[in-house]
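**Student:** Reading the sequence shown from the start, the letters are residues 1 to 584 in UniProt numbering.
The beta carbon of each residue, even a glycine, is placed where N, CA and C say it ideally should be.
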Amino acid sequence: MKELRHINKYFKKYRYRLLLGVLITIGAKIFALFTPRFIGKAITTISKKLNGEISEELFRQELAINIGYLIGAAVIAGILTFLMRQTIINVSRYIEFDLKNEIYQQYQNLSLNFYKANKTGDLMNRISEDVNKVRMYAGPAIMYTINTVTLFLVALIYMINVAPKLTLYTVLPLPLLSFIIYKLSRVINNRSRIVQEYLSHLSAYTQESFSGISVIKSYGIEGRNFDEFHKLSEESKQKQIDLTKVQALFFPSMILLIGISNVLVAYIGGMQYINGEIKEIGTIAEFLIYVNMLTWPVATVGWVTNLVQQAEASQQRINQFLLEEPEVKNLSTTPTNINGNIEFKEVTYIYPDTNIKALDKVSFSLKKGQTLAILGKTGSGKSTILDLIGRLYDVQEGQILIDGTQINQIHLKSLRHYVGYVPQDAFLFSDTIENNIMFGKEDATEEEVINAAKNADVHKNIMKFTKKYKTKLGERGVTLSGGQKQRVSIARALIKAPEIMLFDDCLSAVDTETEEKILKNLRKISEGKTTIIVSHRVSSAKDADTIIVLEDGKIIQKGTHESLVNTDGYYKALYLKQLSTKEL
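Right, here's the structure in full:
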């Protein structure tokens, strides 16, 4: 139960609803226990009439009273049972809602390295299947525990007062039933955990396959991919069958022991009635009903134990992530304004998952309104600089200053509010084009959306679609071409009008003519704003105030376009190569 202590705060939050549910549950079970008594009295009345012990009038009167009480008790018990589920089960749904929100919020707080180390399918499984297991503990497990305790306390006290010896034989098989169900539940719990793990593997593999379906098709490996899925699916199926085999013993075991209890009650009770130890024949009927009423609660002792064990295992998986500390923390509580001055001082960054040194003592400064272009080979550390400015990671050595303040001392949300970032891999959501652009500014007007699209040179493309800006995109924007996705992503950053604009090779999928139009618009928009452009093209970098060239995380060249093209090195070689290609 140690892991499940985490949700005690939710029990406290909904304690009044839960307490009301407990009281209603107790009331529902008490009224339900009146039923066997009135049935027993009715049978006794019928027996007396058949034996000629009472008159027809008295028979009808007593039978009508017992039936009336029986119906009344059943109706009240039914109403209270309905209210019981509306309180306790609803509380479990509230807890499920809160726990999912807590997990999702934690997922958003965790750093990028966390997502590199964990699969999306597994993350989804924990927020869905594992939370559902915890909900079963917070609702049904509590409800059935209260049912069991109430039934035993009330029913056994009454049964012992009426027929102590018969009560002993009645409850004799019940501990055995509880023990068997408990043993079965332990096996079920272990096999359920294995099923959950395989379900996570299957979900992760399926999600990855769907995300990379274009690669799978282009390489023609559908068959191989299906074989892998079939293998995982077959293993998952086998684990499910292993679980079902054990679960199949649950109800037969319960029915067998119920039958044994009924036989004992009928035989022992019948003998006691014949011997005069029991005065009323209806008492045997009462006990038969009590046996059936008590059997399920006894069985639920094992079932509830299984629920608790499953919830414990699931909450342990959930807690692994909830207790995970974000690597990037917001150390400031005061939102601040940002002008856009950026300075790197001997910055070194090593990726912890690969131990690759992405940056090695990188230093440069950028004043508000200036533009910096970063060039270099793949893997030279260009994108890492942008990630560090957005504080997606924290540096291990050196300092990054924004307006003279260390970046980790600036309010994190303020920093990201003033930064507009266009990643290399343009990511669009499965929503309309309009909403994807407005993602950068939720309250943007239609005119602002159109202007942003025009500045990104994608407005004409959008207007050719049937639904124009209301066009719904597929997952990750698959409806659009690579260049269109990049330009919509640029529009999303531009509509935000940030003080710092970061462009990570976001023009790689557009032709040179479109690139020139976008760059021309960017020069107008970026006046007075700090801009950093990462590119493989000299055409994107030539108008920057400062250009730096990276190699293996180090700055090997730095200067303006004019100074670098007149100096032997990487930049001049790239310029001549691209110039000759353009001429061809």
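According to DSSP, is Gly559 helix, strand or coil?
**Tutor:** Strand at Gly559.
**Student:** Helix, strand or coil: how does DSSP classify Leu177 here?
**Tutor:** The answer is helix: DSSP assigns Leu177 an H, G or I state.
**Student:** Gly369 and Gly528 - do their beta-carbons sit closer together than 7 angstroms?
**Tutor:** Their beta carbons are under 7 angstroms apart, which means Gly528 touches Gly369 by this criterion.
**Student:** Between which two residues does the beta strand (DSSP E) holding Lys357 run?
**Tutor:** Here the beta strand (DSSP E) through Lys357 covers Ile356 to Leu366.
**Student:** Please say whether Thr432 and Lys468 have beta carbons closer to each other than 7 angstroms?
**Tutor:** Not a contact, by the Cβ cut-off of 7 angstroms.
**Student:** Rounding to the nearest angstrom, what Cα-Cα distance links Gln320 and Thr283 in this structure?
**Tutor:** In a straight line, the C-alpha of Gln320 is about 55 angstroms away from that of Thr283.
**Student:** Determine, using beta carbons only, whether Thr148 and Thr300 come nearer to each other than 7 angstroms.
**Tutor:** Contact: yes.
**Student:** In terms of alpha-carbon separation, which member of Ser253, Ile342, Ala204 and Leu522 lies closest to Ile410?
**Tutor:** Per the Cα distances, Ile342.
**Student:** Just to confirm, is the Cβ distance from Gln108 to Leu322 under 7 angstroms?
**Tutor:** It is not a contact, given that the beta carbons lie outside the stated cut-off.
**Student:** What does the alpha-carbon distance come out to for the pair residue 594 and Asp504?
**Tutor:** Since the first residue of the chain shown is 1 and the last is 584, residue 594 is not available in this structure.
**Student:** Can you list, in chain order, the residues of its chain whose CB lies under 8 angstroms from that of Lys413, leaving out five sequence neighbours each side?
**Tutor:** The residues are Asn330 and Pro335.
**Student:** Spell out the partners DSSP gives Asp504 in its beta bridges.
**Tutor:** According to DSSP, Asp504 bridges with Val534.
**Student:** For the structure I just gave you, are there three or more beta carbon pairs, one from the region 544 to 554 and one from the region 512 to 519, closer than 8 angstroms?
**Tutor:** Touching, no, given that fewer than three Cβ pairs across the two stretches are closer than 8 angstroms.
**Student:** Under the three-state reduction of DSSP, which class applies to Tyr393: helix, strand or coil?
**Tutor:** Coil, per DSSP.
**Student:** Please state the DSSP three-state secondary structure of residue 650.
**Tutor:** Look at the range of the chain in this structure, 1 to 584, and you will see that residue 650 is not part of it.
**Student:** Helix, strand or coil for Lys2 per DSSP?
**Tutor:** Correct three-state label for Lys2: coil.
**Student:** Could you pull the start and end residues of the beta strand (DSSP E) that Ile374 belongs to?
**Tutor:** Residues Thr371 to Gly376.
**Student:** Would you kindly report the start and end of the unbroken alpha helix (DSSP H) that includes Tyr267?
**Tutor:** Taken as a continuous stretch (DSSP letters only), the alpha helix (DSSP H) holding Tyr267 covers Phe250 to Ile274.
**Student:** When DSSP builds the beta bridges, which residues end up paired with Glu551?
**Tutor:** DSSP lists Lys554 as partners of Glu551.
**Student:** Per DSSP, which one or two residues make a beta bridge with Glu343?
**Tutor:** Ser365 and Leu401, per the DSSP bridge assignment.
**Student:** Here's the rule: buried if 16 or more other CB atoms are within 10 angstroms of the residue's CB, otherwise exposed. What is Ser365?
**Tutor:** When all chains shown are included, Ser365 counts as exposed.
**Student:** Who are Gln406's beta bridge partners in DSSP?
**Tutor:** Gln406 is bridged to Leu401.
**Student:** Use the C-beta contact count for Ile95: other C-beta atoms within 10 angstroms, 16 or more gives buried, fewer gives exposed.
**Tutor:** Ile95 comes out buried.
**Student:** Going straight from the alpha carbon of Asn132 to that of Leu550, what length do you get?
**Tutor:** C-alpha separation (whole angstroms): 50 angstroms.
**Student:** I need the DSSP call for Tyr349, collapsed to helix, strand or coil.
**Tutor:** Correct three-state label for Tyr349: strand.
**Student:** Just the C-alpha distance for Glu562 and Glu397, rounded to the nearest angstrom, thanks.
**Tutor:** Cα-Cα distance, rounded: 33 angstroms.
**Student:** Which class does Val458 belong to by DSSP, given the choice of helix, strand or coil?
**Tutor:** In the structure shown, Val458 sits in coil (DSSP, three-state: anything other than H, G, I, E or B).
**Student:** Could you say if the region 10 to 30 and the region 75 to 84 meet the contact criterion of at least three C-beta pairs nearer than 8 angstroms?
**Tutor:** Counting Cβ pairs under 8 angstroms, three or more are found: they touch.
**Student:** Would you be able to state if there are at least three C-beta pairs under 8 angstroms between the region 182 to 192 and the region 300 to 319?
**Tutor:** Yes, the region 300 to 319 is in contact with the region 182 to 192.
**Student:** In the structure shown, what three-state DSSP assignment does Gly420 receive?
**Tutor:** Strand at Gly420.
**Student:** Could you tell me the alpha carbon to alpha carbon distance between Ala77 and Asp227, rounded to whole angstroms?
**Tutor:** C-alpha separation (whole angstroms): 55 angstroms.
**Student:** For Ala163 versus Ile258, is the C-beta distance shorter than 7 angstroms?
**Tutor:** Not a contact, by the Cβ cut-off of 7 angstroms.
**Student:** Let me make sure I understand the geometry here. Which of Ile532, Ser481 and Ile533 has the alpha-carbon closest to that of Asp511?
**Tutor:** Considering only alpha carbons, the answer is Ser481.
**Student:** Checking 7 angstroms against the spacing of the C-beta atoms, do Ile318 and Arg135 come in under that value?
**Tutor:** The answer is no: Cβ separation not under 7 angstroms.
**Student:** For the alpha helix (DSSP H) holding Asp545, just list the boundary residues, first then last.
**Tutor:** Asp545 -> no alpha helix (DSSP H), and no H or E assigned at all.
**Student:** Between Val422 and Ala493, how many whole angstroms is the CB-CB distance? I'm expecting something under 8 angstroms.
**Tutor:** Indeed they touch by this definition, with Cβ atoms about 5 angstroms apart.
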